[in-house]
Structures are given as structure tokens and as C-alpha cells.
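Notes for the one structure printed next.
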Amino acid sequence: MVDHLPKHGDEVPSCFLNVNLLCSKSSIGLLTSTQRPKYNRSTEIDPSLSQTKVMGIWQVGAAGLLLLQLFISNAFATAAYLQNPDFETPPTNIPKNSTNPFIPLNSTINTLPGWSYQGTVQYVISSSREGNAIYLGQNGMINQTFNAMEEYDQTYDYLLTFSLKPAQPNCTNPTSVTISLPNRSAVVSFNKKFGNSSSCQTHACYLGVHGVKELINLTIENHSTDQSTNTTKCGVILDSFIFKLIPNPISYDANFWFGYENGRSVSKVIKELPQNGGFEVGPAFSNNYFGGVLIDAESNSALSPLNRWTILGTVKYITRNKNYSVPEGVAAIELVSGKSSGVETTVALNKGSEYNMQVSISENNDACVGKFEVGVQAGSTVQNFTIERYGRGTGMGFTWIIKADSNITLISIRSFATTKTKDHFLCGPVIDKVTLDLVISYGLKLQLSILLVGIAFRQRVMGIWQAGAAAGLLLLQLLIASAFADLQNLDFETPPTNIPKNSKNQFIPLNSTINTLPGWSYQGNVQYVISSGQGGNAIYLGQNGKINQNGNQTFKDDRNYDYLLAFSFKPAQPNCTGPTSVTISVPNRSVVVSFDKKFGNSSSWQTHACYLGVHGNKELLNLAIENQSTNTTKCGVVLDSSILKLIPNPASLYELDLPSLFQTRVMRIWQAEAAGLLLLQLLIASAFAADLRNPDFETPPTNIPKNSTNQSIPLNSTINTLPGWSYQGTVQYVISPSQGGNAIYLGQDGKINQTFKAVKQFDQNYDYLLTFSLKPAQPNCTSPTSVTVSVPDRSVVVSFEKKFGNSSSWQSHACYLGVHGNKELINLTIENQSTNTTKCGVVLDSFIFELIPNPIDYDTDFWFGYENGKEITKLKKKLVLNGGFEVGPAFSNNSLGGVLMSAESNPAKSPLNQWAIFGTVKYITTNKNYKVPEGVAAVELVSGKSSGVQTTVTLKKGSEYHLEVFVSENNDACIGKFKVGVQAGSIVHDFVMGRNRRGNGRSFSWIIKAESSVTPISIRSSATTKTKDQVFCGPVMDNVIIELLVSYGLKLQISILFVGIGFLATLAQITG
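See below:
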């Protein structure tokens, strides 16, 4: 029989004996049993989180930054293995050239390598080159003893996968076996509901926790109870025993990063919710069977083969192969036992907090007939879904908001329908990617998901170092993104020496001959300010007051750093008339910072930031802060909470994922350079020279009447100068009764213009996008309210649209104004197009430019690795450029209603970068009126059946791709169902979404086949929906993704950083 063993690489026919007795097997793996004396495929160690199926366990997976477990499971399989697990090594002393496929074994004559046996046991010989098995008749039993895994003193959960079938298809008695290990046994039965009796079924069972060098005895005994047919024909045939070892305990910690805080290295961790939500940690898949692995009911998640989940009814554990399609990663579950089938787990949540829950539900490639009905319950929140069947393995991601009823919340996913194949075998929906994300404010979300290395600016984060994302497996580059310099007594909570105790005076003058201020030197009029509350002491600088601190900054590397200082200050008295200013100085750099009453009243703190130059390792720094106010000591300045943030310069050794960067709305845009590591330009576009003077008209014209009761003041160019602007025709200054609301009115022939220089930075050109607000001067105007916006070589007409809001409210619009660069002189002109009387003119406000680098580089998803001993990087392009709609016009402070963008058929001239616009769409961000599914921007299709967007993608003709689109509702009171059509080439999918007014949405996904190398992708609304006030509204689009369908092994190569040598080398550099 040994001669029958196939050679490495041989294809093995998927066939049985002539009497169809044995389980089909496909091919031989990379190592034969003679090549691997210490272990074989009977043991697979894999607790891998997420998509990797890689073992270790260094873990940082799921929904954020995933660090791979570094050692592949088989590298640990040195002790816990079965000998002859597939019975391909035959017993001794069996007849040669026997024509009988069943050979009875006698323990006094025949030895079965690796196994002991009792009772009726027969060796089953396959007529094919591989496929031998073992038969257990009445009282038949086999067993094998081995040592438990020994690795790092780790204990493991032992999961056993094996194949079985009845010896004859017409047996009336149940076909069952009892599987036993010390302190644990399980009965496993062949179930005819899931396949015919002539085919094998693969099952999995949990066999307990076992530790270092524990002696384990595995026993398999025939459990069939039929006594009337005591023949060999009605026993059970067994094959292909494989153990999978899961570390116990296993950690699902995820989303972590490193940083420096007060001179020390720190890391932060978030946990994956729910644990094993992608079902990646489960039993092994047998090499010889593509029908999935059946897992029977188990009410205790600690004893379940599906780690962290209890099993209701029977589920099938599947992987991607010729029979099945897995939505994400390499494993998923199919709910195969009808209404009784499901899984449950518990998660620890914050009671009262809101969470975004997502579940992927799909079909298999099998011929399942009928609709799938799935119910998902999280606490008291229940969602029911119905999935149509297409037979192509397509699916959808469903997302909604839940509120935690308690700290421990039950998550239950069940099938509510029984579906079968045309052969009447049970089948069902495939469940994958169960995730829960805390719904949090955008600022907090940044802290939880990326490293902040800048300061807040216009609600955008200035200096973000972000670990890049790659198809769900995110690896953080371990070079620290930012470091904090260690200032002593930075918040002045350590008081000066020798100050009076129990003093009732809030301000205590300091004398340098008597009082020492810990960490600081001082000169001039300096006072210590004692707060009545906890943690609020500060320092006061009067006339000539000055404090300074010397420091020696020492780091593990020899790099230079940009120094950013953030601090808080306010006037000493709220009624000071003089300016409140301080000078911040370090060697070769000084900055004057002033308290600005426009941004807060004088009794409140303002926090400012300034750039203090580039400084190197061990350089001696003297930080000095000096009062610049020229008034009396009462009108000095109060300081608190100084902190230095350090940004590596040059910032070239970290990884960037541009779409994720755009989610943070890092404005005016950081340009990726270098086709490997993508070097960021650290200057933000808004910090360039493209800002308009007096864009919101808050600086009033000269020579206008003071204390005028007239809201609109006519301007005369011979008398009145409008700061920053020239004007002609009928122009009036509109004074708002509220703060910060002044505007400009253009009557008949009214026109304003401003000339400025285009940005010059790294010889880069920029697309100029203008956002501004307008409304009719009178709500009852019958003529259209329009303006022409012009720059050299480009003009656009923008109109107020009453169907998007009433005439008494502002509308924000955006338009594309061409490509400009290299200090080009630009003349911006806005002219009234209304043809009625001056009463029906237009009121304008809040002009703001957004500059998009042209060309902009969307290269992303790159990684490090080693090839032939050399470090390499690899890079791929995003297929859908700007698929998250993060690159678009600016949001002005008063554009809470979104920014309207009119039709533009040329994507190169669209304000929505890379996308053509049909009808009118609204560009929205998360605020009190809107909720964005992902990132900070999305588009709402607001003009009914004519509304939509379109782009083109470059694909490989004939290849298959996974297309995903997120469709959601807004928080507005939109009435009716949304109907959306998505077309990719000639493939069209139509979706209908009900409304629940909570901002919920769903991710729709399906498979497309590229018909040409250039494929148009269009998303259109096919229904018109309105609010109760008859204002147009519609569905929100976000996160359009196309990914190539590839084998799992290839997917690992193109979606993750190879961590082995490359990771260890990087870690060695970081840890010094």
C-alpha cells in the first residue's frame, strides 16, 4: 500500500472506491510525511485574528492597526501531532493485491501505525492513489497517545476536525462516533440533512484545554446503536484527523500605537468588539473536503469550536474555495439548520453609549433556493433582514446604531427561514464581519485611531502621522510619530517657595531673591495666581514680566525635530483696553501671540500654538515668554498649561494612507511624495498665501455711520473703502444684529472683486475650489437669485435654489475655479446676475478657498518587506480615486446645511475631485444636521431622479472585482423610501432603503467582472424625496470601494506588511 501514496505535487482524483466508500481528497500539500518527521497536517495552530490566519501571538488586529502574529502555525507544531492521521500508512501484514476494499484487522497480527484499536476495525483501501481510511464496526475503537504542545509555557484549546460517513448509504441506524480526550468527550453524528450518505461530512469538536507536555490520549469509538444489522456494512468510515490549537487565553487587543509622553515611551490599546467578530479563530479546514466544517450546538462559548461564540442549532464553518465565497478574511459561518441556526456572543459596552454595529450577510455559491431571513439582536435592539439569492456569492454589509442597555450586551444572529438546495439539503446565509464601534465625536475619534502631531486648525488636524491601512490589515510603522518635550512645572501647579500660606490674595507678587518658581526663572513684574478650584494655578506677567526655562532634549535617535508650543492665556482684567500679547522665544526664533477678543470673551482662556523652529539632539534650549502689553500691571497677561510637541524633521519614515488621511480632513492638502514611503509636505495649504482678505466681511467699510439703525448701508466708492475688496454698481454693507454675521449685498449691476497671489509651494499647482454662502435679499423675489463667479480663464454661474431651502435661509455653494500656481496673480470677481430691481438682489457671505494639489497622488496601500536580503517597498493604487469623497470643497462655519454642488460633466473641473456630477448633490460633514457614515465628508443626492455622481476606474479586462457602496439616510426629516442605482460597466444594481430617521445606513457589495480596461462607475438616485417642508433631500453616498478578487495567499501579500525579519529589524531600531 505504501506504493499507492502519491508523490509531492500529484493531483489526486476526487473519487471514491467503486462502491463509493471513501472521502474524496484533492491534492498533496507541500510536505510529505517523510519530509516532516516532527509534525504533519494533523496539527494546525492558528488563533489568528482577522484575515491573516497567522499565529504567534503578537496581536493588534481588527478595525484599526493590526500587528501580525509572527510565527505561522505549523512552525509551532513540534509536539502536538498525530501520527498517520489520514491512514495512508497501511497496517502491517495485510494481504497484497487484495480485491476486497475492507480488510479486517486483528490486533495479534496487524499493527496500525500510530494507532491502537479494539473491536471491529477494518482498513479501507481506496482504488485511487490516495484515500485510504478506517472503518469502525460494532464496538470498534481506535486511539492514539501524544504529548501536548510545548511552547512558551502556553496552554491551548484543542479543536479536532475530521471526516466521516456511513459505510453504506442505506443504513437506517444513525452514524455516530464518540471523540474523547481526558476530561472531555463529544458525540458527533453524520447528518443526512446536510448531505447524502455516499459523501463525507467534515465535523469539528472542542476537546478541552491542555498544557505543557501533558500526555493526551485521543479515543474515537463507534457510537452506532443498531444491533439488528451487525455487519460491517453499517458502521462508520473515518478519515483526515486534524487538530487546531488556539492559545488559551487568547488576546483580541487591537488598535494600538506608540508615542512619547513626558520623555517616556507609551502605547495605547483598544479592544476588538465583539471578539472574533470575523470568525477567523475556529477549527481547521481539512485539505480533502470542500464542503465546509459542521459545528454542532454548544451553549457555552468557552467550550465552543468557534472561539467566543455559542452555537445555536448547527452552523457550517467555511473558507473560500471552489464551493464557497467568504465576504472577508478566510473564514465565515453559514447558518445551515434553518430557523434553529445561529450564533451568540456577549460584549462589554458602556451602558448608555451609542455604537455603530455592522454585520455582513451574503449568499454562498451553492444552489440554495429561496430568500434568506436573518435577525440580529443587540441587547433590546432587533434588526431583521431579507436577502435575495443570485447564486453568485454576493452579499451586503448592514450597519445601524445601537444604544447599550447594560454593560454586558448579548449579540445574537439567527436565521428565521429554512432554505434548501435543489437536492433538498439544508443551506443558509453566510455571516461575517460582525463589528461594534463606539459612536464618538470626531476629535475623540482621531485620538483613538491616529497619532496627533499638530494642533487643531479650522476644525482640521494639522500634522497627523497615520499608520496606513491595507485592506483591513493595518500595521503601524514603529518609528514614533511625535514626541513630547519634558517641560518642568508646565502648568505652574508646583507653587513658588516661601509664599504666604492661607493667603486670601489671589495674586502673590514674586521676588527673585525670596521666591523660586520651580522649573522657571523670571524677571520683572511676575505674580503667582492661585485658583480657587483644583488644578488651576497660573502665572501673571505684568509690565516687563518675563519667564524662561532651559532644557536639554535627549532622544534615542539623532534626528531633528520641529518644535510646536501650545499654551493658554488671557488678560489679567476683562476690561483691559490695551492688547494682551506675549513674545515666545527660543534660539533663532521668536513669535508674538495676542489674545483676540473676536474668538472669546476676556474672562475666558484662549489656547494658541506657534512654531518654534527646528532643533536637534542634546541642543540646549532656552524657552522665554515675555509680556508685550504696554498698559499697567493690572492689564498684564495670565499664562497656564504650556506644552511642547515635537515632530520629526524630516518626517519621512512613516506610512501614510491618503484616503484615511483625508478622513481626518487634513485641509489644503498634504501631498504624498516618493513612490515608496510617501513623504508628506508638512505645510498645510491653508497656511499658504491663498487666503482672501476679509472673506466674511466682518471688517466693516470705512466712513460708515456709527450706531446706524439701518441694516443695509449703501456704499460709495469715493467715500467708502471695503477692506480687501473693490466694488462697482449697487453694493451695500449688511450689518447683522448678531455677532459675526455681517455680509455684502449686490444689487443691479453690483460687483465685487479681489486680487491675490496664487500659492507657491514646491512648484505645485492647485485646483481652486470656492465655497461661499448666498441668499435672496428679499424672500418674495420672483426673479432667480444668481451670481457669476470669475477668475482668469474660468467663470461659473451659481444660483440660489428654492427647492433646497427657503429664501430666508442661507445656502452654501461650491464651484471649481481652475488650476493656478507659482504666485500667479488671480482676480476673483463676483457679479450679480439678477435682472430685477435692487430689492431683489443677492446677499453674500463667507468666501473660503480650498486648494487641492494638481496632480494629486492617491497611491496607497504600501508595505515593507525583504527580498533577496534587501529591504523593499511595494505600492498599489486605489482603484476608485476619492471613493470616500474626502477631497472636495471647504465647509464654511455657517454651512451647517451642507454645500451644494451643481452639475459638472467633466471630472477634471468638478468641485468633487475625480467625480462628475449629475443634477445637484450636497457635500456634507458631520454636524448637528448631518451624520457622515465614514470620514468627515459624504455626498447627498438631493435633486431627485436627476441626481448622481460618476467616475471612471482602470481595471483589468476580464478580472473580477469586489464593489462596495455605503448608502445611508440623513438625520433630516426626509419622507419616503430611497431608491439608488449603481452601475459598473453594464452591471446595474438597484437598492431600496427604508427610512428610520436615525442616520443609519448599509454597505452594499457585490462582484463585478471588468468588461474593459476603463470602466465607468455611476451612482444615481431613481426616486425624488422631500422633507415635510417640501425641501428636496435624498440618500447619502460614501465609501465607494473596488478591490480585485484574489486568492487568500495573494491577498495577504498585497494587503499587509510582511513582518518577520522586516518587523524585527524595525523593532530593533526603535527599541535601540
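With the numbering used here applied, the sequence shown corresponds to residues 454 to 1525, in that order.
Think of the CB as a built atom: it goes at the ideal place given N, C-alpha and C, for glycine as much as any other residue.
| field | Same chain only: Cβ atoms within 7 Å of Ser-642, ignoring 5 sequence neighbours per side | value | Around Ser-642: Pro-627, Thr-628 and Ser-629.
| request: Can you tell me the Cβ-Cβ gap for Leu-1416 and Ser-1458, rounded? I've got them flagged as a contact below 8 Å. | output: That belief holds up - the Cβ atoms of Leu-1416 and Ser-1458 are roughly 7 Å apart, short of 8 Å.
| field | Any 3 or more C-beta pairs closer than 8 Å across the stretch 572 to 579 and the stretch 649 to 658 | value | These segments do not touch.
| request: Kindly indicate which three-state DSSP category Ser-754 falls into: helix, strand or coil? | output: Helix.
| Should Ile-814 and Gly-782 be called a contact, given that it needs their Cβ atoms to be closer than 9 Å? | Against a cut-off of 9 Å, the Cβ pair of Gly-782 and Ile-814 comes out as no contact.
| field | Proximity below 9 Å, CB of Gly-791 to CB of Leu-759 | value | Taking 9 Å as the Cβ cut-off, Gly-791 and Leu-759 do not qualify as a contacting pair.
| said: Which of the three DSSP states is assigned to Gly-730 in this structure? | reply: Judged by DSSP in its simplified three-state form, Gly-730 adopts coil rather than helix or strand.
| query | Of the residues Asn-1054, Asp-944, Gly-972 and Ala-991, which one's Cα is nearest the Cα of Ile-961? | reply | The shortest C-alpha separation from Ile-961 is found at Ala-991.
| message | In this structure, how does DSSP classify Gly-791 when only helix, strand and coil are distinguished? | response | DSSP places Gly-791 in helix when its eight states are reduced to three.
| Does the beta-carbon of Phe-445 have 16 or more other beta-carbons within 10 angstroms, so that it is buried, or is it exposed? | What the structure shows of the chain is the stretch from 454 to 1525, and residue 445 is not part of that stretch, so it cannot be assessed.
| query | Can you round the beta-carbon distance between Ile-884 and Ile-866 to whole angstroms, since I take them to be within the 8 Å contact cut? | reply | About 6 Å separates the two Cβ atoms, so the contact holds.
| query | Per DSSP, what kind of secondary structure is Pro-635 in: helix, strand or coil? | reply | Pro-635: coil per DSSP, three-state reduction.
| said: What residue range does the beta strand (DSSP E) around Gln-1403 cover? | reply: From DSSP, the beta strand (DSSP E) with Gln-1403 extends over 1401 to 1407.
| Under the three-state DSSP convention, the category Phe-643 falls into | Looking at Phe-643 - three-state DSSP - the assignment turns out to be coil, as it is neither helix nor strand.
| request: State the beta-bridge partners of Gly-1274 as determined by DSSP. | output: Gly-1274 is bridged to Asn-1218.
| request: Can you tell me which of the three DSSP states Pro-700 falls into? | output: Under the three-state reduction of DSSP output, Pro-700 falls in the strand class.
| message | So, under 8 Å CB-CB, Ile-673 and Ile-595 are touching, yes? Tell me the CB distance rounded to an integer number of Å. | response | The pair is a contact, with the Cβ atoms about 5 Å apart (cut-off 8 Å).
| request: Decide if Lys-886 is buried, meaning its Cβ has at least 16 other Cβ atoms within 10 Å, or exposed. | output: When all chains shown are included, Lys-886 counts as buried.
| said: Taking 8 Å as the cut-off, does the stretch 1330 to 1344 touch the stretch 1231 to 1247 (at least 3 CB pairs, one atom from each stretch)? | reply: The answer is no - the stretch 1330 to 1344 does not touch the stretch 1231 to 1247, with fewer than three Cβ pairs under 8 Å.
| query | From what residue to what residue does the beta strand (DSSP E) around Met-849 run? | reply | Run containing Met-849: 848 to 856, per the beta strand (DSSP E) assignment.
| query | Taking just the CA atoms, how far does Ser-1056 sit from Gln-1026? | reply | Between Gln-1026 and Ser-1056, the C-alpha separation is close to 7 Å.
| Closest Cα partner of Asn-817 within the set Ala-857, Val-835, Ser-806 and Lys-775 | With distances taken between Cα atoms, Asn-817 lies closest to Lys-775.
| said: Taking 8 Å as the limit between beta carbons, can you name the residues of its chain near Ser-1484, skipping five residues before and five after? | reply: Correcting the residue type first, residue 1484 is Val in the shown sequence and not Ser. Excluding sequence neighbours, Val-1484 sits near Lys-1256, Phe-1257, Gly-1258 and Asn-1259.
| task | Could you check the C-alpha separation between Val-1039 and Leu-1199 for me, to the nearest Å? | result | When the Cα atoms are used, Val-1039 and Leu-1199 turn out to be separated by approximately 49 Å.
| task | Sort out for me which residues DSSP pairs Gln-1264 with in a bridge. | result | According to DSSP, Gln-1264 bridges with Leu-1227.
| Cβ-based burial, Gly-1351 [other Cβ within 10 Å; buried from 16] | The residue in question, Gly-1351, is buried, as its Cβ has 16 or more Cβ neighbours within 10 Å.
| query | Counting pairs of Cβ atoms below 8 Å between the stretch 1390 to 1401 and the stretch 1290 to 1307, do you hit three or more? | reply | As far as the Cβ criterion goes, the stretch 1390 to 1401 does not touch the stretch 1290 to 1307, which means the pair count is below three.
| query | Where do the ends of the beta strand (DSSP E) carrying Pro-953 lie? | reply | Unbroken run through Pro-953: none, as it is neither H nor E.
| query | Rounded to a whole number of angstroms, what is the C-alpha to C-alpha distance between Ser-652 and Lys-1384? | reply | Between the alpha carbons of Ser-652 and Lys-1384 lies a distance of about 52 Å.
| query | Hey, out of Lys-646, Pro-727 and Glu-1151, whose CA is closest to Ser-1299's CA? | reply | Scanning Lys-646, Pro-727 and Glu-1151 for the CA closest to the CA of Ser-1299 turns up Glu-1151.
| said: Assuming Glu-1496 is part of the beta strand (DSSP E), what are its boundary residues? | reply: Where Glu-1496 is concerned, the enclosing beta strand (DSSP E) starts and stops at 1489 to 1497.
| field | Spatial distance of Val-789 from Gly-881 (CA atoms) | value | Straight-line Cα distance between these residues: approximately 5 Å.
| query | Closest to Asn-1382 by CA distance: which of Val-822, Leu-1349 and Tyr-981 is it? | reply | Looking from the CA of Asn-1382, the closest CA among Val-822, Leu-1349 and Tyr-981 belongs to Leu-1349.
| request: State the Cα-Cα distance for the pair Leu-589 and Gly-766, rounded to the nearest angstrom. | output: Looking at the two C-alpha atoms, the distance is approximately 27 Å.
| query | In terms of residues, what are the limits of the beta strand (DSSP E) holding Asn-596? | reply | For Asn-596, the enclosing beta strand (DSSP E) has its first and last residue at 594 to 600.
| said: Below 8 Å on the Cβ atoms is my contact criterion, and I expect Val-1395 with Met-1490 to pass it. Report the Cβ-Cβ distance as a whole number of Å. | reply: Not quite, the Cβ-Cβ distance comes to about 11 Å (not below 8 Å), so this is no contact.
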